[in-house]
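K.L.:
Here you go, one structure.
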Ligand code: CA
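Residue numbers (my numbering): 3 to 435.
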């Protein structure tokens, strides 16, 4: 099916700023609460949010096989489960409806009043109910930096790393949309030189610059997904800040890997940009350093050129960009990750989320975590307001942004913006003891 929604020459009758992440070629999907307190599935063009539930009720998706309530839901899971053919039909139709040449909705004031919202009239929600969340570790630069710091600079990569897209199963219950603050976690750490652990607030709270992809129902128990089919099951991507407590991580991660240092929170951008919208930005993955086993060998362009940046904004101060990276640096592609994930027959469901792992580039200004940017705290990062950061301080806000750009068309993800609050303190209550 042609991706007519991607036509770079199309213009919308809705206003779109020149540098907007959301031109008519993007058409992402999200879930929002409207000014009337109704939850609905929607899309966005420029700074206008579009209620797809209302559009469907008004008959604008006629001819596309959709259930009546497909967009009147508080998650995208059912729509995503409808599969790639339906996603494409719906995106193509939305592009038609908002094409500057099309008068059907443009000329209907009453319908426009029902369907269109300013961004300040809506509140973005988590777009999917995330059943399972897996986080990979697929940037060779990140894995090398961490291995150099914590183990051995001469053998920074563990022996399996060039053969396996290394990952672990995370918690989905603490994945939150942009705008929800996060408390500094408490836990066990082993102070330098000590032999016994102590309990208290993490002193080394960090971000991880990642992207995450969201899947549709892909396979039955026992059924592996071949690499050449894997992308059919990827609905789209979001920006992903995988909050990490480095001191808790260091003490707890042996031998089974990350646990409480990661599961206190991960933040995502609320608009899912479809894999279809990213088609024009395909690039080849880095060349494999070691021959990969045949089920992981890939041909063609399986990576995407997505510019990424991270800012830190201290309380009552302007933000400072502390890192600029790119998704194309990922050594293992999403297709390889999904193929490897299912090679043992593990089922993948609609609404599952897979994190890329920290996306560090080759240069020190492109590292994707404070652990690397400040090199364990040895090189503090200077902010515009004259202060320095080794890790994230209470009341700092971390902002991640991402976009693709080619031949004058820009497809972006918006942002994921999260403030770090001090350790959670229970409110005083009058409950009897
Ligand atoms: Ca991570």
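Beta carbons: idealized from backbone N, C-alpha and C, even for Gly.
Taking 6 Å as the cut-off, is the CB of residue 156 close to at least one heavy atom of ligand 1?
P.N.:
Here residue 156 refers to the residue found at position 154 when the chain shown is read from its first residue. No.
K.L.:
Pop quiz: residue 43 and residue 55 are said to be a contact at Cβ under 8 Å. What is the actual Cβ separation, rounded to whole angstroms?
P.N.:
For the purposes of this step, residue 43 is identified with residue 41 of the chain shown, where counting begins at 1. For the purposes of this step, residue 55 is identified with residue 53 of the chain shown, where counting begins at 1. Indeed they touch by this definition, with Cβ atoms about 6 Å apart.
K.L.:
Within 6 Å: the Cβ of residue 137 and any heavy atom of ligand 1?
P.N.:
Counting from one through the chain shown, the residue named residue 137 turns up at place 135. Yes, the Cβ of residue 137 comes within 6 Å of a heavy atom of ligand 1.
K.L.:
Under the three-state reduction of DSSP, which class applies to residue 318: helix, strand or coil?
P.N.:
Along the chain shown, one-based indexing puts residue 318 at 316. Note: residue 318 maps to coil in three-state DSSP.
K.L.:
What separation, rounded to the nearest whole angstrom, lies between the Cα atoms of residue 205 and residue 192?
P.N.:
The residue given as residue 205 occupies position 203 in the chain shown. The residue given as residue 192 occupies position 190 in the chain shown. Whole-angstrom Cα-Cα distance: 12 Å.
K.L.:
Kindly examine ligand 1 and report whether one of its heavy atoms sits closer than 6 Å to the Cβ of residue 249.
P.N.:
Here the question's residue 249 lines up with position 247 in the chain shown. Residue 249 Cβ: outside cutoff for every heavy atom of ligand 1.
K.L.:
To the nearest angstrom, how far is it from the Cα of residue 117 to the Cα of residue 303?
P.N.:
Locating residue 117 in the chain shown gives position 115, where the first residue counts as 1. Locating residue 303 in the chain shown gives position 301, where the first residue counts as 1. Cα-Cα distance, rounded: 38 Å.
K.L.:
Compute the Euclidean distance between the alpha carbons of residue 83 and residue 350, then round it to the nearest angstrom.
P.N.:
Mapped onto the chain shown, residue 83 falls at position 81. Mapped onto the chain shown, residue 350 falls at position 348. Spanning the two alpha carbons is a distance of roughly 11 Å.
K.L.:
I want to check one thing, is the minimum distance from the CB of residue 210 to the heavy atoms of ligand 1 below 6 Å?
P.N.:
Locating residue 210 in the chain shown gives position 208, counting from the first residue. Yes, the beta carbon of residue 210 sits closer than 6 Å to at least one heavy atom of ligand 1.
K.L.:
With H, G and I counted as helix, E and B as strand and the rest as coil, what does DSSP make of residue 103?
P.N.:
If you number the chain shown from 1, residue 103 lands on position 101. DSSP places residue 103 in coil when its eight states are reduced to three.
K.L.:
At 3 residues or longer, what runs of the beta strand (DSSP E) sit wholly inside the stretch 241 to 315?
P.N.:
Whole beta strand (DSSP E) segments, 3+ residues: 268 to 270 and 309 to 315.
K.L.:
Check whether the Cβ atoms of residue 138 and residue 359 sit closer than 7 Å, and answer yes or no.
P.N.:
As a first step, residue 138 is located in the chain shown; it is residue number 136 there, counting from the start. As a first step, residue 359 is located in the chain shown; it is residue number 357 there, counting from the start. In this structure, residue 359 lies closer than 7 Å to residue 138 by Cβ.
K.L.:
Ends of the beta strand (DSSP E) at residue 373?
P.N.:
Numbered from its first residue, the chain shown carries residue 373 at position 371. First-last for residue 373: 372 to 375, but that is the alpha helix (DSSP H), not the beta strand (DSSP E).
K.L.:
Taking its Cβ as the centre, do 16 or more other Cβ atoms sit within 10 Å of residue 341, making it buried, or is it exposed?
P.N.:
Residue mapping note: residue 341 aligns to position 339 of the chain shown, counting from 1. Buried, since its Cβ has 16 or more Cβ neighbours within 10 Å.
K.L.:
Go ahead and pull the three-state DSSP assignment for residue 223.
P.N.:
In the chain shown, the residue the question calls residue 223 occupies position 221. Of the three classes helix, strand and coil, the one that applies to residue 223 here is coil, per DSSP.
K.L.:
If we count Cβ pairs, one from each stretch, closer than 8 Å, do we get three or more for the stretch 169 to 179 versus the stretch 100 to 117?
P.N.:
Not touching, per the Cβ criterion.
K.L.:
Let me check one thing: in DSSP terms, what residues is residue 214 bridge-paired to?
P.N.:
Mapped onto the chain shown, residue 214 falls at position 212. For residue 214, which the question treats as bridged, DSSP gives the partners 240 and 357.
K.L.:
According to DSSP, is residue 344 helix, strand or coil?
P.N.:
Stepping through the chain shown from its first residue, residue 344 is reached at position 342. Looking at residue 344 - three-state DSSP - the assignment turns out to be helix.
K.L.:
Give me whichever residues DSSP pairs with residue 368 in a beta bridge.
P.N.:
Counted from its first residue, the chain shown places residue 368 at position 366. Per DSSP, none; premise fails for residue 368.
K.L.:
Smallest Cα separation from residue 11: which of 24, 416, 410 and 415?
P.N.:
Position 9 of the chain shown, counting from 1, holds the residue named residue 11. Nearest C-alpha to residue 11: 410.
K.L.:
Taking only heavy atoms of ligand 1 into account, decide whether any of them is closer than 6 Å to the Cβ of residue 244.
P.N.:
In the chain shown, the residue the question calls residue 244 occupies position 242. Correct: residue 244 has its Cβ closer than 6 Å to ligand 1.
K.L.:
Is it the case that the stretch 330 to 337 contacts the stretch 132 to 146, given that we only count it when at least three CB pairs across the two stretches are under 8 Å?
P.N.:
The answer is yes - the stretch 330 to 337 touches the stretch 132 to 146, with three or more Cβ pairs under 8 Å.
K.L.:
Looking at the unbroken alpha helix (DSSP H) that takes in residue 82, where does it start and where does it end?
P.N.:
In the chain shown, counting from the first residue as 1, residue 82 sits at position 80. Segment 79 to 83, the alpha helix (DSSP H) holding residue 82.
K.L.:
Counting C-beta neighbours from all protein chains within 10 Å, is the total for residue 196 16 or more, i.e. buried, or is it exposed?
P.N.:
The residue given as residue 196 occupies position 194 in the chain shown. Counting Cβ neighbours within 10 Å, residue 196 comes out exposed, since fewer than 16 surround it.
K.L.:
Measure from the alpha carbon of residue 275 to the alpha carbon of each residue in 312, 216 and 299, then state which is nearest.
P.N.:
As a position in the chain shown, residue 275 is number 273, starting the count at 1. Checking every option, the nearest Cα to that of residue 275 belongs to 216.
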